[in-house]
Amino acid sequence: MSTESATNAVTLRKAMLNLLEDARELELKLQYERDRIESIFSAMAEGLVVVAADHSVIMLNPAAAHMLGTKAGDAVNKDIKDLLSVFKGDDEVEERDRPTMRTLNERVSITTTIDDDFYFKTASGRKFPVTIATSPVIENDNHNAIIIFRDVTREKELENAKSSFISTASHQLRTPLTSIRWYAEMLTDEDVGVLNKEQRDFAREVYDGATRLNDTINTLLSISRIESGKLHEEPVDIALKPFVKNITDELALLIAQKKLFTDIRIGDDARVTADTFMLHEVISNLLSNSIRYTNEDGHIAFSCDAHDGETVCSIADDGIGIPDDQKGKIFDRFFRAGNAMSKVPDGSGLGLNLVKQFVEKWGGRIWFESTEGKGSVFHFTIPATHKM
Ligand code: ADP
96 MSTESATNAV
106 TLRKAMLNLL
116 EDARELELKL
126 QYERDRIESI
136 FSAMAEGLVV
146 VAADHSVIML
156 NPAAAHMLGT
166 KAGDAVNKDI
176 KDLLSVFKGD
186 DEVEERDRPT
196 MRTLNERVSI
206 TTTIDDDFYF
216 KTASGRKFPV
226 TIATSPVIEN
236 DNHNAIIIFR
246 DVTREKELEN
256 AKSSFISTAS
266 HQLRTPLTSI
276 RWYAEMLTDE
286 DVGVLNKEQR
296 DFAREVYDGA
306 TRLNDTINTL
316 LSISRIESGK
326 LHEEPVDIAL
336 KPFVKNITDE
346 LALLIAQKKL
356 FTDIRIGDDA
366 RVTADTFMLH
376 EVISNLLSNS
386 IRYTNEDGHI
396 AFSCDAHDGE
406 TVCSIADDGI
416 GIPDDQKGKI
426 FDRFFRAGNA
436 MSKVPDGSGL
446 GLNLVKQFVE
456 KWGGRIWFES
466 TEGKGSVFHF
476 TIPATHKM
């Protein structure tokens, strides 16, 4: 062998050794990454399942295996629907509507919350509430889906305990409150003897305070009913004009006390499909707010117009408005803006929260525009065709 070819052979050998070393290093790196990902999957409290396009399980982590009452070895290659069925409340979700199937078929990511009321039922029949997040993943040209889910039994229990506490406490408060209002009314009406002005004023304060407390309790009860899914809509056909007229009649005394100008613009033939109680609460709460947060001799306008498959109602006032830095919290439970608290000390900060939940329950939207010191406009929508 010539010196030149000997040198070439050494160089080649070196190059090959280097390549082998690089390959080994790469393999170690990959192994390290694989171990790392596997230990993350194993340590996750959430269940994780990877499903192939043909619906077979590619992998699942120990948490998923535990929650689904299976062993990873038994589950792999099985059809996902042999492992679990999906429920929304009491109703089984059709196969094509399940989050995993939608992710596989439509390649969309889906995230559900505790309020979406999803349940998994295992092959052995155990049913438990879950929140689910699914996402499409492409691996070697295969369109798979990754499912991450959490057993939310504890959260559901807490939520139920909270709403049943609110509901029981509210009912317990109502009975004595009714007596207080009743006796205060008898006193102010002088049914049990003549009162001097101061006594009458005090009795009136007791009556008004008890009435406000009663309203707050009713609002709390409605919020707890809607949040626990116990409030069921009964949509009926409603002629809007007389419906709103009724509500303004109920508020006529407050409007007159403040000498407010009202302008109600609703077409004679305007009709909506809505639950009477819910629509009454929404309009009455928004109108009461306009009245309460508008100065004497102020203006309130209410209008409803149908367009693009929905009715948009707007309630405008030229009252105190909402400060810019507090607008983001206005629908939060118990939140009251600073200017509202100093102008109207009594208030619960619950009304708008309830209004928003009602509007969203019937599939509508709610929003507002407001300028501090100038006034506010609240808008909400009622879809023309909403589920009956
Ligand atoms: P409450 O009126 O009992 O405080 P709401 O939930 O009805 O509770 O309203 C929450 C807050 O939103 C009010 O405290 C007030 O700060 C603001 N707000 C609502 N409506 C109006 C309005 N028309 N004008 C000005 N501020 C309003």
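Numbered as in my numbering, the sequence shown ends at 483 without a single skipped number. Using N, Cα and C, we set each Cβ at its ideal position, and we do this for glycine too. Predicted model, so just to flag it, every value in this text is computed and none were measured.
Reference residue i, options the options, closest by Cα
{"i": "D392", "options": "S134, M162, S437, L349", "result": "L349"}
{"i": "L199", "options": "D236, I275, I241, G404", "result": "I241"}
{"i": "D212", "options": "D185, R119, P231, S204", "result": "D185"}
{"i": "A298", "options": "T283, I132, T195", "result": "T283"}
{"i": "S180", "options": "M196, G168, A167, N172", "result": "M196"}
{"i": "I360", "options": "S398, F372, L335", "result": "Sequence check: residue 360 is Arg here, not Ile. For R360, the nearest C-alpha among the options comes from S398."}
{"i": "G324", "options": "V472, L272, K251", "result": "K251"}
{"i": "T357", "options": "M154, D210, V339", "result": "V339"}
{"i": "I205", "options": "P231, T217, G220", "result": "P231"}
{"i": "K456", "options": "N103, L125, R320", "result": "R320"}
{"i": "A479", "options": "A256, E467, G458", "result": "G458"}
{"i": "L268", "options": "E254, N291, L112, A305", "result": "A305"}
{"i": "R460", "options": "A435, S409, E467, S471", "result": "S409"}
{"i": "K173", "options": "M162, K124, H150, D192", "result": "H150"}
{"i": "G220", "options": "M162, A101, T314", "result": "M162"}
{"i": "E254", "options": "T270, K353, D210", "result": "D210"}
Beta-carbon proximity check, residue i vs residue j, cutoff 8 Å
{"i": "A401", "j": "A411", "result": "no"}
{"i": "F463", "j": "L445", "result": "no"}
{"i": "V377", "j": "V331", "result": "no"}
{"i": "I318", "j": "S379", "result": "no"}
{"i": "S385", "j": "G414", "result": "yes"}
{"i": "E328", "j": "D363", "result": "no"}
{"i": "F473", "j": "L381", "result": "yes"}
{"i": "R431", "j": "G442", "result": "yes"}
{"i": "I135", "j": "V152", "result": "no"}
{"i": "G404", "j": "Q421", "result": "no"}
{"i": "Y388", "j": "V454", "result": "no"}
{"i": "Y302", "j": "E285", "result": "no"}
{"i": "N73", "j": "F426", "result": "Because the chain spans 96 through 483 in this model, residue 73 falls outside it and cannot be assessed."}
{"i": "A138", "j": "L155", "result": "no"}
{"i": "A159", "j": "V171", "result": "no"}
{"i": "L308", "j": "L346", "result": "no"}
{"i": "L178", "j": "A140", "result": "no"}
{"i": "T258", "j": "E322", "result": "The question names Thr, but residue 258 in the sequence shown is Ser. Result yes, Cβ atoms of S258 and E322 sit closer than 8 Å."}
{"i": "F182", "j": "K222", "result": "yes"}
Contact test: residue i Cβ vs the ligand ADP heavy atom, cutoff 7 Å
{"i": "I415", "result": "yes"}
{"i": "L349", "result": "no"}
{"i": "G444", "result": "yes"}
{"i": "Y302", "result": "no"}
{"i": "A396", "result": "no"}
{"i": "S317", "result": "no"}
{"i": "I425", "result": "yes"}
{"i": "L346", "result": "no"}
{"i": "F356", "result": "no"}
{"i": "G431", "result": "The residue you asked about is not Gly; residue 431 is Arg in the sequence shown. It does: the Cβ of R431 is within 7 Å (strictly closer) of some heavy atom of the ligand ADP."}
{"i": "L268", "result": "no"}
{"i": "L447", "result": "yes"}
{"i": "R307", "result": "no"}
{"i": "D332", "result": "no"}
{"i": "N380", "result": "yes"}
{"i": "D310", "result": "no"}
{"i": "D412", "result": "yes"}
{"i": "N384", "result": "yes"}
{"i": "T170", "result": "A small fix is needed here, since residue 170 is Ala in this sequence, not Thr. No, since every heavy atom of the ligand ADP falls outside the 7 Å radius drawn around the Cβ of A170."}
{"i": "F140", "result": "For the record, residue 140 in the displayed sequence is Ala; it is not Phe. No - the ligand ADP has no heavy atom lying nearer than 7 Å to the Cβ of A140."}
{"i": "A435", "result": "yes"}
{"i": "S409", "result": "no"}
{"i": "R221", "result": "no"}
{"i": "S258", "result": "no"}
{"i": "S137", "result": "no"}
Supposed contact pair residue j and residue i - C-beta distance, whole angstroms, cut 8 Å
{"i": "T476", "j": "V407", "result": "5 Å"}
{"i": "G164", "j": "F244", "result": "So it is not a contact: roughly 14 Å between Cβ atoms."}
{"i": "T229", "j": "T208", "result": "Contact flag wrong, Cβ pair sits at about 14 Å."}
{"i": "N239", "j": "A147", "result": "5 Å"}
{"i": "S265", "j": "I312", "result": "5 Å"}
{"i": "S262", "j": "L316", "result": "6 Å"}
{"i": "L188", "j": "P224", "result": "Note that residue 188 is Val in the sequence shown, not Leu. Not really, about 14 Å apart at Cβ, beyond 8 Å."}
Chain D contact for residue i (CB, 8 Å cutoff)
{"i": "D332", "result": "Given the protein chain composition of this structure (a single chain), no chain D is represented."}
Only counting runs of 3 or more residues, tell me where the beta strand (DSSP E) segments fall wholly within the stretch 214 to 260, in order along the chain. 222 to 234, 237 to 246
Contiguous beta strand (DSSP E) assignments of at least 3 residues, all confined to the stretch 146 to 204: Fully enclosed beta strand (DSSP E) runs of 3 or longer: 152 to 155, 179 to 183.
Which ranges would you report for the alpha helix (DSSP H) in the stretch 291 to 374 if only whole runs of at least 4 residues count? Whole alpha helix (DSSP H) segments, 4+ residues: 292 to 322, 335 to 345, 347 to 352.
Mind pulling the alpha helix (DSSP H) runs of 4 or more residues that sit fully within the stretch 410 to 437? Whole alpha helix (DSSP H) segments, 4+ residues: zero.
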